[in-house]
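Novice: Next up is a structure, given as structure tokens.
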Amino acid sequence: MLRAGEDLFQVEERLWVLTAPTGQGIYDFGFDRFFPCRRPYQLPESLEVVARVGVWNDYAERHRELASEGVRLVHSPEQHLLATELPHWYPRLTDLTPRSVWYDERPDAKTVEDALGWPVFVKGERQTSRHRKSLSIIEGPEQFELAMAAYAKDPILHWQRVVCRELRPLRRVEEGAPDRIPSSFEFRTFWWRGELVGWGPYWWQGSPYTMNELEQREALALGRDVARRVDVPFLVVDVAQEVSGRWIVIECNDGQESGYAGVSPFALWRNILELERAR
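Structural data, given as structure tokens:
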């Protein structure tokens, strides 16, 4: 049932977790160091599990394999796609996020220009390639064609559908490295069964920034609305503020696959355990 490197255990007799190390400090978390964990000799006939193993490119197949052993991942394959891929969550959030189009085949510049004009923000349906500005913020047709040639060879992007989005004027935090997307006033929020369990700055490695009371109230209200609309058990919502002061949704993700960014993992799991205790 378990693949190489995977570990299955129960945290505080409340929450089953399936983990595997990824080597990424922004993602890995040593549950045993902070919470009582047990690995029973015999598993129950049926249990619900949160996976923290990184990204499964075969999520549906892994879901089927585990289900055959009585282990049910917290997200069905359909819920996983709804939380993870923009073409699935975007239709529920069109009024809260930049206008977007996506393509099964890499489009030419004229097609994108007719749909959105220039400039545009370009990404894979799941993610960018290491936040590279040259492959994301596209000013015109020549740069777009160069980006598409790079997408065809990029190990992160070549298998993803291409998403093109209206480029919105975001409040900047810092410019960052020459070929990195500028850091905006953006925050990562985690939602467990519709309840907020953690939030923090998305650009956690650069200049420190945080929200005041009004900004926090507005940003988290937006996140809560998204969690209600998308309606999956473990959702990540990234929100950012435009220069106008308006808050928008940058993207959604499956909480099982998402890095913590500036969110405290201990506080996050502590909050999840408290909610599970109250169920």
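Once you know that position 5 of the sequence shown is 5 in UniProt numbering, the rest is easy, because the numbers rise by one and skip nothing.
For every residue, glycine included, the Cβ atom is placed at its ideal position computed from N, Cα and C.
Leu170 and Glu125 - do their beta-carbons sit closer together than 8 angstroms?
Specialist: If you number the sequence shown from 1, residue 125 lands on position 125. If you number the sequence shown from 1, residue 170 lands on position 170. Not closer than 8 angstroms, so no.
Novice: Exposed or buried, Glu85, counting other C-beta atoms within 10 Å across all chains shown (16 or more means buried)?
Specialist: For the purposes of this step, residue 85 is taken as residue 85 along the sequence shown, with counting starting at 1. That one is buried.
Novice: Could you check the C-alpha separation between Trp118 and Ile138 for me, to the nearest Å?
Specialist: Taking the first residue of the sequence shown as 1, we reach residue 118 at position 118. Taking the first residue of the sequence shown as 1, we reach residue 138 at position 138. About 7 angstroms.
Novice: Report back the beta-carbon spacing between Leu220 and Trp199 to the nearest angstrom; my notes put them in contact at under 8 angstroms.
Specialist: Position 220 of the sequence shown, counting from 1, holds the residue named residue 220. Position 199 of the sequence shown, counting from 1, holds the residue named residue 199. Sure, about 7 angstroms apart at Cβ, within 8 angstroms.
Novice: Taking only beta-carbon positions, decide if His88 is within less than 8 angstroms of chain C.
Specialist: The structure shown has no chain C; it contains just one protein chain.
Novice: Name the residue from Asp95, Val120, Thr210 whose alpha carbon lies nearest to the alpha carbon of Val102.
Specialist: Here the question's residue 102 lines up with position 102 in the sequence shown. The identity of residue 102 in the sequence shown is Trp, whereas the question assumes Val. Nearest of Asp95, Val120, Thr210 to Trp102, Cα basis: Val120.
Novice: Taking buried to mean at least 16 other C-beta atoms within 10 Å of its own C-beta, is Ser100 buried or exposed?
Specialist: As a working note, residue 100 is residue 100 in the sequence shown. The residue is buried, with at least 16 neighbouring Cβ atoms inside 10 Å.
Novice: State the DSSP-derived secondary structure class of Trp89, mapped to helix, strand or coil.
Specialist: Along the sequence shown, read from residue 1 onward, the residue named residue 89 stands at position 89. Here Trp89 sits in helix by DSSP.
Novice: Using 10 angstroms around the beta-carbon of Leu135, count the other beta-carbons present and answer buried if the total reaches 16, otherwise exposed.
Specialist: Translated into positions along the sequence shown, residue 135 becomes position 135. Flag for Leu135 reads buried.
Novice: Can you tell me where the alpha helix (DSSP H) with Glu105 in it begins and where it stops?
Specialist: Taking the first residue of the sequence shown as position 1, residue 105 is located at position 105. Taken as a continuous stretch (DSSP letters only), Glu105 belongs to no alpha helix (DSSP H), as it is neither H nor E.
Novice: Across which residues does DSSP place Asn212 in a beta bridge pair?
Specialist: By one-based count along the sequence shown, residue 212 stands at place 212. Asn212 pairs with nothing; no bridge assigned.
Novice: On a CA-only basis, which of Arg168, Gln205, Leu275, Tyr59 is nearest Arg246? Give me that one, please.
Specialist: In the sequence shown, residue 246 corresponds to position 246, counting from 1. Here the closest residue by C-alpha is Arg168.
Novice: Would you kindly check if the distance between the Cβ of Ala83 and the Cβ of Asp238 is under 8 angstroms?
Specialist: Numbered from its first residue, the sequence shown carries residue 238 at position 238. Numbered from its first residue, the sequence shown carries residue 83 at position 83. Cβ distance not < 8 angstroms, so Asp238 and Ala83 don't count as in contact.
Novice: Report the residue from Pro208, Phe187, Glu105 whose alpha carbon sits nearest the alpha carbon of His158.
Specialist: Here residue 158 refers to the residue found at position 158 when the sequence shown is read from its first residue. Closest by alpha carbon: Glu105.
Novice: Kindly indicate the opening and closing residues of the beta strand (DSSP E) around Thr84.
Specialist: Translated into the one-based positions of the sequence shown, residue 84 becomes position 84. Here Thr84 belongs to no beta strand (DSSP E); instead the alpha helix (DSSP H) covers 77–84.
Novice: How would you call Lys123, buried or exposed, if buried means at least 16 neighbouring beta carbons within 10 angstroms?
Specialist: In the sequence shown, residue 123 corresponds to position 123, counting from 1. Burial call: buried.
Novice: Thinking C-beta only, is Leu196 closer than 8 angstroms to Arg224?
Specialist: Sequence index remark: in the sequence shown, residue 224 carries index 224 (1-based). Sequence index remark: in the sequence shown, residue 196 carries index 196 (1-based). For Arg224 and Leu196, yes; Cβs fall inside 8 angstroms.
Novice: On a CA-only basis, which of Leu235, Arg72, Leu96 is nearest Leu47? Give me that one, please.
Specialist: Looking up residue 47 in the sequence shown gives position 47. Closest option to Leu47, Cα to Cα, is Arg72.
Novice: Might you give, ordered along the chain, the residues of its own chain that have their beta carbon closer than 6 angstroms to the beta carbon of Phe35, omitting 5 neighbours on each side?
Specialist: Taking the first residue of the sequence shown as 1, we reach residue 35 at position 35. Excluding sequence neighbours, Phe35 sits near Val11, Glu12.
Novice: With DSSP run on the structure shown, which of helix, strand or coil describes Val263?
Specialist: Taking the first residue of the sequence shown as 1, we reach residue 263 at position 263. Here Val263 sits in coil by DSSP.
Novice: Check each candidate in Thr97, Tyr260, Gln160, Thr189 and name the one with the smallest Cα separation from Val249.
Specialist: In the sequence shown, the residue the question calls residue 249 occupies position 249. Per the Cα distances, Thr97.
Novice: Give me, in chain order, the residues of the same chain whose beta-carbon lies closer than 6 angstroms to that of Gly262; leave out the 5 immediate sequence neighbours on both sides.
Specialist: Position 262 of the sequence shown, counted from the first residue, corresponds to residue 262. Here the set comprises Gly200, Pro201, Trp204.
Novice: On a Cα-Cα basis, can you pick out the residue from Pro178, Gln216, Arg62, Arg39 that is closest to Glu186?
Specialist: As a first step, residue 186 is located in the sequence shown; it is residue number 186 there, counting from the start. The candidate whose alpha carbon is nearest that of Glu186 is Gln216.
Novice: Can you give me the C-alpha to C-alpha distance between Gly23 and Glu145, rounded to a whole angstrom?
Specialist: Within the sequence shown, residue 23 is the residue found at index 23, counting from 1. Within the sequence shown, residue 145 is the residue found at index 145, counting from 1. When rounded, the distance between both Cα atoms is 34 angstroms.
Novice: In chain order, what residues of the same chain have a beta carbon less than 6 angstroms from the beta carbon of Val55, not counting five sequence neighbours either side?
Specialist: Taking the first residue of the sequence shown as position 1, residue 55 is located at position 55. For Val55, where only same-chain residues beyond five positions count, the Cβ hits under 6 angstroms are Glu257.
Novice: Rounded C-beta distance between His75 and Val232? I'm assuming under 8 angstroms.
Specialist: Here residue 75 corresponds to residue number 75 of the sequence shown, with the count starting at 1. Here residue 232 corresponds to residue number 232 of the sequence shown, with the count starting at 1. Sure, about 6 angstroms apart at Cβ, within 8 angstroms.
Novice: What is the DSSP secondary structure of Trp199, reduced to helix, strand or coil?
Specialist: Here residue 199 refers to the residue found at position 199 when the sequence shown is read from its first residue. Strand, per DSSP.
Novice: Can you tell me which of the three DSSP states residue 282 falls into?
Specialist: The first residue shown for the chain is 1 and the last is 279, placing residue 282 beyond what the model contains.
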